[in-house]
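In this note's numbering, the protein residues as written are 753 to 1132. Beta carbons are placed, not taken as given, at the ideal position from N, Cα and C, and that holds for glycine. In what follows, a structure is listed as structure tokens, so that the remarks can point back to it.
In structure tokens:
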């Protein structure tokens, strides 16, 4: 009798525990970015965007398949290093995440994408622009920014058409991103009949560019394009000034940050630097982005660097697919995610093509005046 009573009580306790979990589903979303190393300020910016989305979703109370969803952020640091990136990816897969937003750099996103693909886990990159990422034939890869073909090509055409560049030279940092965006810039220049007079190489850890800048100075450049990140571009701009090189300086989204004037120690002349970032909002859509920037500053006490709104949108697009699919299981919501169309995000309207790339992605061109980044135009 006593024994039987225990079993019954045990069963009741189990049923009660089951009841609690039956009403709630825990959804783990992974985020990976370089939160240490030379571009840690960009990695933290990304992670903050993810954190903001997750906290808002939890506050809203989202239901997936009739159960209340509790979202958890699993944040990893890849230090912008490919090996660390794949280790972080494996860790997230082992933690059975429901989806991943990241990585920040193309050089970490591409090797990590194979690990997520093998595990069948959807991955949305908020910032990796190398075309290869979505051209590997994986069903799990998506991105919410335009790629380098679009970015580099547009900048190359702009260099010739609008900036009237005659003597154009290139420098790249040999990373998947830097080399890729410089290649596409060169194609863009040539498509408009422009000339590229030389190309030099550095790396993403370099601080001294005297030798390569001296080589390029001899070619009397009116435009120098740099494929790489802001941490390298800052000192490069400083050394250009020291060497008396008055060329315009162009680059992709990697240099297009709010802190570039600080990183160059104030050596940027007005309208000297032109850069572009993927995305761009005009007209009525601007309100959402402006509100995001204000909310972000209020929450974290710092300005948005660059990609936080794209991370925020990526998390929300992923969750919207789970809600629509009535499931947070990767295999169930992945096909719904792939069909995302007309999603209204803070960064604009998000629809994916068959590769997982954003359709009709906009680009925003910027210059710097008085030490502040200023929008020039939104182009498609």
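Would you kindly check if the distance between the Cβ of residue j and the Cβ of residue i is under 8 Å?
i            : j            : result
residue 1013 : residue 850  : no
residue 912  : residue 950  : no
residue 776  : residue 848  : no
residue 896  : residue 1102 : yes
residue 907  : residue 1028 : yes
residue 1080 : residue 1088 : no
residue 984  : residue 925  : yes
residue 1017 : residue 990  : yes
residue 1037 : residue 979  : no
residue 904  : residue 948  : no
residue 975  : residue 968  : no
residue 863  : residue 893  : no
residue 1034 : residue 1130 : yes
residue 1097 : residue 898  : no
residue 831  : residue 786  : yes
Taking all protein chains shown into account, decide if residue i is buried (16 or more other Cβ within 10 angstroms of its Cβ) or exposed.
i            : result
residue 818  : exposed
residue 835  : exposed
residue 778  : exposed
residue 803  : buried
residue 1115 : buried
residue 886  : buried
residue 877  : buried
residue 881  : buried
residue 1092 : buried
residue 914  : exposed
residue 1039 : exposed
residue 875  : buried
From what residue to what residue does the beta strand (DSSP E) around residue i run?
i            : result
residue 924  : 919-924
residue 897  : Here residue 897 belongs to no beta strand (DSSP E), and DSSP marks it neither H nor E.
residue 827  : 819-829
residue 1127 : 1124-1131
residue 951  : 947-953
Using CA atoms only, rank isn't needed, just tell me which of the options is closest to residue i.
i            : options                   : result
residue 889  : 1130, 1127, 1125 and 1109 : 1109
residue 884  : 1050, 936, 811 and 1021   : 936
residue 780  : 1113, 1105, 1070 and 1098 : 1070
residue 955  : 1039, 982 and 941         : 982
residue 814  : 790, 1073 and 1114        : 1073
residue 1119 : 1086, 1047, 1055 and 1021 : 1021
residue 879  : 1130, 1099, 1128 and 1125 : 1099
residue 957  : 808, 987 and 1000         : 987
Name the two residues that bound the continuous alpha helix (DSSP H) containing residue i.
i            : result
residue 902  : 900-913
residue 1146 : Here the chain has residues from 753 to 1132 only, and residue 1146 is not among them.
residue 1076 : 1060-1077
Using 8 Å as the limit for Cβ to Cβ distance, is residue i near chain D?
i           : result
residue 801 : No chain D is present in this structure, which holds just one protein chain.
The ligand COA heavy atoms versus the CB of residue i: any closer than 7 Å?
i           : result
residue 780 : You won't find the ligand COA in this model; it holds no ligand whatsoever.
For this session: Decide if the segment 797-817 is in contact with the segment 863-875; the criterion is three or more beta carbon pairs, one per stretch, under 8 Å apart.
Result: Using a C-beta cut-off of 8 Å, the segment 797-817 makes no contact with the segment 863-875, since fewer than three inter-stretch Cβ pairs fall below that distance.
Problem set entry | contact_flag[the segment 916-923, the segment 960-971] where n(CB pairs < 8 Å) is 3 or more | Under the 8 Å Cβ criterion, the segment 916-923 counts as touching the segment 960-971, having at least three qualifying pairs.
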